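Position in the sequence shown (first residue = 1) + 3 = my numbering. Report on the structure given below.
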Amino acid sequence: MPSQGSAGKYCCKKKCVNVRTDRLNCGACGKKCRYSEICCKGECVNPSSDRRNCGGCGKKCKKGSLCVHGMCSYS
Numbered sequence: 004m005p006s007q008g009s010a011g012k013y014c015c016k017k018k019c020v021n022v023r024t025d026r027l028n029c030g031a032c033g034k035k036c037r038y039s040e041i042c043c044k045g046e047c048v049n050p051s052s053d054r055r056n057c058g059g060c061g062k063k064c065k066k067g068s069l070c071v072h073g074m075c076s077y078s
């Protein structure tokens, strides 16, 4: 349930969190990301291989390149 006056924040187990970035409450209270994943915009992603979040949230690889170990490289 959203807490008043804080857009995007939720209270999970009596603690206010941002479900768009919190690895332990990613997208919803209690939804945990795997060890190798981070929470970007409420979705668990692997920054080592995700072309849209390569090395961190929102870091997109250019068209035709791959995300390898968190760095964009050409295929």
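Every residue gets a Cβ at the ideal spot worked out from N, C-alpha and C, and that includes glycine. All values reported here derive from a predicted model rather than from experimental measurement.
Open item on the list: Here's a check: name, in chain order, each residue in its chain whose Cβ is nearer than 7 Å to the Cβ of Gly30, leaving out the five neighbours to either side.
Closed with: Here residue 30 refers to the residue found at position 27 of the sequence shown. Only Val22, Gly45 and Glu46 meet the Cβ criterion.
- [ ] Using the DSSP secondary-structure output, state which residues sit across from Leu69 in a beta bridge.
- [x] Position 66 of the sequence shown holds residue 69. Per DSSP, Ser76.
- [ ] Give me the Cα-Cα distance between Cys43 and Gly67, rounded to the nearest whole angstrom.
- [x] Your numbering for residue 43 matches position 40 in the sequence shown. Your numbering for residue 67 matches position 64 in the sequence shown. Cys43 and Gly67: Cα-Cα distance of roughly 22 Å.
- [ ] In the DSSP assignment, find the beta strand (DSSP E) that holds Asn49 and state where it starts and stops.
- [x] Translated into positions along the sequence shown, residue 49 becomes position 46. Per DSSP, Asn49 belongs to no beta strand (DSSP E) and is neither H nor E.
Task: Among Cys32, Gly61 and Arg37, nearest to Lys16 - alpha-carbon criterion - done: Here residue 16 is taken as the residue at index 13 of the sequence shown, counted from 1. Of the candidates Cys32, Gly61 and Arg37, the one whose C-alpha sits nearest the C-alpha of Lys16 is Cys32.
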